[in-house]
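Sequential numbering of the sequence shown, starting at 173, is according to the numbering used here.
We treat Cβ as the ideally placed atom computed from N, Cα and C, and that holds for glycine.
For clarity, every value in this text was computed on a predicted model and none was experimentally measured.
Written out below as structure tokens is the structure these notes cover.
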Amino acid sequence: MLTKADNDLLTQVENDAPLGKLMRQYWLPACMSQELPEPDGDPIKVRVLGENLVAFRDTEGRVGVMDELCPHRRASLYYGRNEEGGLRCLYHGWKMNVKGQVVETPAEVRREGAEPKKIQHKAYPVRESHGFVWIYMGDEATMPEFEPPAFANGTNPRISIAKINLPCNWAQIVEGGIDSAHASLLHSSEIRPTGNTTRAGLAETHTLTRPSVDKAPRLHVHRTEYGMRYVALRTPITNPETEEYARIATFIAPCIVLSPPNGTYSTIQFVVPRDDVSTSFYFVGWTDDQTEGEGVAQDVWRARMGATVGVDVDEDYWPLRTPANRFLQDRTAMRNGSFTGVRGIANQDSMMWVSMGAISDRSKERLGTSDAAVAQFRRVMVEAVKAFARGEPPIGTVEPRTPHRRIRSFEGVIPKGAEWQTLGILPE
Ligand code: FES
Ligand SMILES: [Fe+2]
Numbered sequence: 173m174l175t176k177a178d179n180d181l182l183t184q185v186e187n188d189a190p191l192g193k194l195m196r197q198y199w200l201p202a203c204m205s206q207e208l209p210e211p212d213g214d215p216i217k218v219r220v221l222g223e224n225l226v227a228f229r230d231t232e233g234r235v236g237v238m239d240e241l242c243p244h245r246r247a248s249l250y251y252g253r254n255e256e257g258g259l260r261c262l263y264h265g266w267k268m269n270v271k272g273q274v275v276e277t278p279a280e281v282r283r284e285g286a287e288p289k290k291i292q293h294k295a296y297p298v299r300e301s302h303g304f305v306w307i308y309m310g311d312e313a314t315m316p317e318f319e320p321p322a323f324a325n326g327t328n329p330r331i332s333i334a335k336i337n338l339p340c341n342w343a344q345i346v347e348g349g350i351d352s353a354h355a356s357l358l359h360s361s362e363i364r365p366t367g368n369t370t371r372a373g374l375a376e377t378h379t380l381t382r383p384s385v386d387k388a389p390r391l392h393v394h395r396t397e398y399g400m401r402y403v404a405l406r407t408p409i410t411n412p413e414t415e416e417y418a419r420i421a422t423f424i425a426p427c428i429v430l431s432p433p434n435g436t437y438s439t440i441q442f443v444v445p446r447d448d449v450s451t452s453f454y455f456v457g458w459t460d461d462q463t464e465g466e467g468v469a470q471d472v473w474r475a476r477m478g479a480t481v482g483v484d485v486d487e488d489y490w491p492l493r494t495p496a497n498r499f500l501q502d503r504t505a506m507r508n509g510s511f512t513g514v515r516g517i518a519n520q521d522s523m524m525w526v527s528m529g530a531i532s533d534r535s536k537e538r539l540g541t542s543d544a545a546v547a548q549f550r551r552v553m554v555e556a557v558k559a560f561a562r563g564e565p566p567i568g569t570v571e572p573r574t575p576h577r578r579i580r581s582f583e584g585v586i587p588k589g590a591e592w593q594t595l596g597i598l599p600e
């Protein structure tokens, strides 16, 4: 449980909220590259940390992310024309390039020979990499180098992204991502126990296989300079006296979760607050090298997660399952063996996250042993927010530090009592 004050620190990002200020010190995903598929294509609306933005890809393929409202008299640029190297407001034709510089003001009378006035619209620095458009919303004087994400090592990677916008606060989504215990219950209908201890993962069907039926994992938490890792140890089906089934999840501040890999691919989650009460959740399945057929195709990945556009989410990635339609929960299916009555792992998760309310009131909880990692995540972030507010550097930015590309999670059967803290971390 958290005090009301700490719950606010953990959850609020809008305006001058201390967490919002901390999050602005990092490069954050604004949208997927595929949402801007072609030069001079349709602009899209993006909302991050309480700001309404518009993103567009210009004639040369560069991406701009700027304040949605025109610098002239604040009409929405979302309806503008994307043409010849900039986004043109429909109202009086002002045109902004990807850097936010106003390059044309056709309705303005200029004295002969006078230089055009230099007007700068609010636009954020952009990098495009690994399927995402990243923006930096902080002070440009302290802008860090763009750091490729944890899946940046591969020579021939396959990166599949499931995106879901959710009507709830970011922290309850991160807590779901690092909460190992729920998988054996909430996702139990999608998990098939197996005696095969060499490789867990996804079977041909949409079912997860795991070499254990233990529903009460023992959690050990390890704090790191970038956040935290923890292992959930379960008794395996085979060799229960000498071995343990280990699932390691990792939290990289401020908003990245690496859950344990699934057979031939790994997963990473970017949990980006749109504002205090809604979140863009990106669930990525990736492999370093797809030459051996490893990895997962995007449509398969989305179907598996329950994040297919037109089936599970609408064109703007909002879930079609909502409290208003009872998340389309099928009680007959539950009577016939489905644990939740809802198909798809992400659909099951989002039903729980959204059901907690827009911002969960953590002062009323009763935490148990299975919540050790969740409690540690909260401590890490509340302390990081307070430290940054005191003037200390943002969490994870002080050398020596582990580059994100070396940080991986892990799953597998290990000897009982084995050192687990460095499992999955790649060498220099
Ligand atoms: S409001 Fe955009 S050009 Fe006038
Ligand atoms: Fe889950």
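Residue i classed as buried or exposed, judged by whether at least 16 other C-beta atoms fall within 10 angstroms
i	result
G399	buried
P587	exposed
V185	buried
P495	exposed
S153	Look at the range of the chain in this structure, 173 to 600, and you will see that residue 153 is not part of it.
V570	exposed
G509	exposed
F318	exposed
W490	exposed
D178	buried
Y251	exposed
A404	buried
R550	buried
N325	exposed
D533	exposed
V483	exposed
T183	buried
D165	There is simply no residue 165 to check, as the chain begins at 173 and stops at 600 in what is shown.
A227	buried
Q441	buried
K267	buried
L539	exposed
Close-in-space but distant-in-sequence residues of the same chain around residue i (CB under 6 Å, 5 per side omitted)
i	result
G467	R330, Y437, T459
D502	G513
V557	L181, P190, L191, L194
S542	A353
C340	W525, V526, A530
R627	Missing from the structure shown is residue 627; the chain here goes from 173 to 600 and no further.
H378	Per-residue confidence for H378 stands at a pLDDT of 46, beneath the threshold of 50, marking its modelled position as unreliable; the derived number appears in the next sentence. The residues are R476.
L358	Q520
G457	S332, Y437, T439, V468, W473
F511	S360, S361
Chain-order list of residues whose beta-carbon lies under 7 Å from that of residue i (same chain, five-residue window excluded)
i	result
P432	R419, I420, A421, S581, F582, E583
A393	According to the sequence provided, residue 393 is Val. The question's Ala does not apply to it. Correct list, in chain order: M400, Y402, A544, A545, Q548.
A334	F455, W473, R474, M477, A479, A518
N328	D461, Q462, T463
I291	P243, V274
C261	C242, H244, A247, L249, G252
G610	The chain is shown only over 173 to 600; residue 610 falls outside these bounds and no answer can be derived.
Close-in-space but distant-in-sequence residues of the same chain around residue i (CB under 8 Å, 5 per side omitted)
i	result
G265	E276, T277, P278, A279
V552	R395, G399, M400, F423, A425, I567
E210	R229
V220	L200, A202, I307, M309, V444, P445, R446, S452
E415	T369, P408, V585, I586, P587, K588
is_contact[residue i, chain C] using C-beta, thresh 9 Å
i	result
V481	Note that chain C does not occur in the displayed structure, where there is just one protein chain.
Exercise. Quick one: which unbroken beta strand (DSSP E) runs of 3-plus residues sit fully inside the segment 250-288? Chain order, please.
Key: You should have 253-255, 258-260, 274-276.
Exercise. Let me know the beta strand (DSSP E) ranges lying completely inside the segment 403-478, each 3 residues or longer, listed in chain order.
Key: Correct list: 415-424, 428-430, 438-447, 450-459.
Quiz item: What residues does ligand 1 have around it, judged by CB closer than 5 Å to any heavy atom, in chain order?
Solution: Spelled out in chain order, the answer is C242, H244, R245, A247, C261, Y263, H264, W266.
Quiz item: In chain order, which alpha helix (DSSP H) runs of at least 4 residues are fully inside the segment 297-326?
Solution: You should have found no qualifying run.
Exercise. With ligand 2 as the reference, list in chain order each residue whose Cβ lies under 7 Å from any of its heavy atoms.
Key: For ligand 2, the selected residues are G348, H354, A355, L358, H359, I517, Q520, D521.
Quiz prompt | the segment 214-233 contacting the segment 281-293, beta-carbon criterion three pairs below 8 Å | solution = Touching, no.
Self-check item: 3-residue-minimum beta strand (DSSP E) runs that sit fully inside the segment 180-258, ordered along the chain
Solution: Taking only runs of at least 3 residues, the beta strand (DSSP E) segments lying wholly in the segment 180-258 are 199-204, 216-220, 223-229, 235-239, 253-255.
Exercise. Mind listing, in chain order, the continuous beta strand (DSSP E) runs of no fewer than 3 residues lying wholly within the segment 486-537?
Key: Within the segment 486-537, no complete beta strand (DSSP E) run reaches 3 residues.
Quiz prompt | Completely contained alpha helix (DSSP H) runs for the segment 337-366, where each covers 4 or more residues | solution = 342-349, 355-358, all fully within the segment 337-366.
Quiz item: Quick check: the segment 242-260 against the segment 298-311, are there 3 or more CB pairs under 8 Å?
Solution: Too few Cβ pairs lie closer than 8 Å, so no.
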